[in-house]
Amino acid sequence: MTAQSVNGVKRNSLRRAIASARESLATELWPLPTLAVVLAVALGIALPLVDRAVDASLPPSVAGFLFAGGVDSARAVLSAISGSLITATSLTFSLTVVALQLASSQASPRVLRTFAKDRAVQDTLAMFVGTFAYALTVLRTVQDATDASDAQVPRIAVTLASLLTFASVITLALFLGHLARQLRVDTVMRQVHSETGHTIDLVASTSTEGPEVLPSGLRPETREVALARGSGFIRSVDRARLLTIAVEHDLVIEEEHPVGHNVVKATPLARWWTRDRLVHLGADDVERRSRDIAGAFGLSYERTASQDIGFGIRQLTDICVRALSPGVNDPTTAVHALGHVSAILGDLAELPGQAVALEDDDGHLRVILRTHRFTDLLRTAMEQPRRYGCSDPDVVERLHQLLSEVGYRARGPDQLEALGRELDLLVASVGQADYLPAERERFSALAERTRTALAGELR
Numbered sequence: 100m101t102a103q104s105v106n107g108v109k110r111n112s113l114r115r116a117i118a119s120a121r122e123s124l125a126t127e128l129w130p131l132p133t134l135a136v137v138l139a140v141a142l143g144i145a146l147p148l149v150d151r152a153v154d155a156s157l158p159p160s161v162a163g164f165l166f167a168g169g170v171d172s173a174r175a176v177l178s179a180i181s182g183s184l185i186t187a188t189s190l191t192f193s194l195t196v197v198a199l200q201l202a203s204s205q206a207s208p209r210v211l212r213t214f215a216k217d218r219a220v221q222d223t224l225a226m227f228v229g230t231f232a233y234a235l236t237v238l239r240t241v242q243d244a245t246d247a248s249d250a251q252v253p254r255i256a257v258t259l260a261s262l263l264t265f266a267s268v269i270t271l272a273l274f275l276g277h278l279a280r281q282l283r284v285d286t287v288m289r290q291v292h293s294e295t296g297h298t299i300d301l302v303a304s305t306s307t308e309g310p311e312v313l314p315s316g317l318r319p320e321t322r323e324v325a326l327a328r329g330s331g332f333i334r335s336v337d338r339a340r341l342l343t344i345a346v347e348h349d350l351v352i353e354e355e356h357p358v359g360h361n362v363v364k365a366t367p368l369a370r371w372w373t374r375d376r377l378v379h380l381g382a383d384d385v386e387r388r389s390r391d392i393a394g395a396f397g398l399s400y401e402r403t404a405s406q407d408i409g410f411g412i413r414q415l416t417d418i419c420v421r422a423l424s425p426g427v428n429d430p431t432t433a434v435h436a437l438g439h440v441s442a443i444l445g446d447l448a449e450l451p452g453q454a455v456a457l458e459d460d461d462g463h464l465r466v467i468l469r470t471h472r473f474t475d476l477l478r479t480a481m482e483q484p485r486r487y488g489c490s491d492p493d494v495v496e497r498l499h500q501l502l503s504e505v506g507y508r509a510r511g512p513d514q515l516e517a518l519g520r521e522l523d524l525l526v527a528s529v530g531q532a533d534y535l536p537a538e539r540e541r542f543s544a545l546a547e548r549t550r551t552a553l554a555g556e557l558r
């Protein structure tokens, strides 16, 4: 690996870290509404000052469009706006909670992050709380006439409050329509599919050059272990940091799990050893190295899609399995979910071979990577739908079709071999299900056609 490639590892790690941070921020409801409140308060303070400076010099053609009421009217308007907007905010929040509950019960609890980072929800809340804060701030600038000063009615500011209220009403109507669309399970699946596609693009664009096959005899018999400092899912891996640690201390580091894997506190995250087998480190040095290596792994209480390709497949598979449960009994949704899974697996099958390790500037192997393997993702996509859907003809047919579609896009013999194994398992599962002879004949024909597709005869 050249110096340029090492710098590429650092750039790619930075891109992935930025993607993780953006994904984390996007799933929070509070940042955008909070920013809207701050800006609204600032505007509510500044605009009345501008109003006082220019109100007397406004031409009649402009003044005719501004608020023309007195102090009491201005206070009544601003008070009504404040009260109505806080009610609308409560309604929006309540509808969002209902949407989250429906998504959790009808689709999968793991799709709640998709709803939480919906920009329409955040924009609507920002519009409402911003208008509320603005009206409340302007209200304090409305003053009665006194012996020392005239009545103060910021006409421009009150007019803007009215316009913001009209905009909020339109926003509420648009939000209700958007929410109705979001509650459709097909919309949820499309969003998960799109999000997973972005993750695949990120992983593909940040892949680094390196060996695709590890040399034999690489791992020594005795290796040190970097233990997890907490429990949770591996959310991200800072490979630039791992490479830096390995180069600085002349180590070889091997990742134990891919992103998205669940680990328990004090269990291995990575294993490492000195490149020079004759070098032996003291207990304190081993502890420091292990602690530094463990710090390169970001853990979270839930999986995220920023670097985890398998998370999207897991969500779609959950939707499929839930649709097949006796309480839901919606095989059509299961078939649609398998269609999205097929498209994602096809995209993964077409990815170029990824490096299995990172090297330093001198070509020494430094970090052994643990990435999602196609065979593991295929098993995740097929295992539960096959087990719970083998008694439904439509699901069985879609599973055969999935294998054919992915097989058509497969690049290597190992992928075709994995697809063939899944086909054998599918045929065995269908053979144990209760079907009529005519249905079994149809499934046998499907299996033969799928084998033909995997053999490349239909290309």
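Numbering (the working numbering), first residue to last: 100 to 558. Beta carbons are placed, not taken as given, at the ideal position from N, Cα and C, and that holds for glycine.
{"Asked": "For His379 and Ala393, what's the separation of their Cα atoms in angstroms?", "Found": "20 Å"}
{"Asked": "So, under 8 Å CB-CB, Arg388 and Trp371 are touching, yes? Tell me the CB distance rounded to an integer number of Å.", "Found": "7 Å"}
{"Asked": "Does the beta-carbon of Arg209 have 16 or more other beta-carbons within 10 angstroms, so that it is buried, or is it exposed?", "Found": "buried"}
{"Asked": "Residues in the same chain with beta-carbon distance under 8 Å from Gln483, minus the five sequence neighbours each way, listed in chain order, please.", "Found": "Thr416, Cys419 and Val420"}
{"Asked": "Measuring only the C-alpha atoms, how far is Arg497 from Asp429?", "Found": "14 Å"}
{"Asked": "Quick check on the burial criterion: 16 or more other C-beta atoms within 10 angstroms. Buried or exposed for Arg280?", "Found": "exposed"}
{"Asked": "Between the alpha carbons of Thr195 and Ser424, how many angstroms are there, rounded?", "Found": "26 Å"}
{"Asked": "Check the C-beta distance from Leu522 over to Leu502 and give it rounded, since I have them as a contact under 8 Å.", "Found": "5 Å"}
{"Asked": "Determine which residues share a DSSP beta bridge with Asn361 and list them.", "Found": "Phe332"}
{"Asked": "Sort out for me which residues DSSP pairs Pro367 with in a bridge.", "Found": "Leu326"}
{"Asked": "The beta strand (DSSP E) that contains Leu313, what's its start and end?", "Found": "Here Leu313 belongs to no beta strand (DSSP E), and DSSP marks it neither H nor E."}
{"Asked": "Residues in the same chain with beta-carbon distance under 6 Å from Ala102, minus the five sequence neighbours each way, listed in chain order, please.", "Found": "Residue placement at Ala102 is flagged as unreliable, the pLDDT there being 46, under the threshold of 50; a coordinate-derived value is accordingly withheld."}
{"Asked": "Pairing CB atoms from the region 254 to 269 with CB atoms from the region 165 to 176, are three or more of them under 8 Å?", "Found": "yes"}
{"Asked": "Can you tell me the Cα-Cα spacing of Leu557 and Thr551, whole angstroms?", "Found": "The pLDDT assigned to Leu557 is 49, lower than 50, so where the model puts this residue is not dependable, and the model offers no usable value."}
{"Asked": "Let me check understanding here. Comparing Cα to Cα, which of Leu190, Arg322, Asp491 and His356 lies closest to Leu350?", "Found": "Arg322"}
{"Asked": "Kindly identify the DSSP beta-bridge partner or partners of Gly397.", "Found": "Ser335"}
{"Asked": "Leaving out five residues before and five after Ser304 in sequence, what residues of the same chain have Cβ atoms less than 7 Å from its Cβ?", "Found": "none"}
{"Asked": "Determine the direct distance from the alpha carbon of Asp285 to that of His435, and round the result to whole angstroms.", "Found": "8 Å"}
{"Asked": "How about Val291 and Gln414: do their beta carbons lie closer than 8 Å?", "Found": "yes"}
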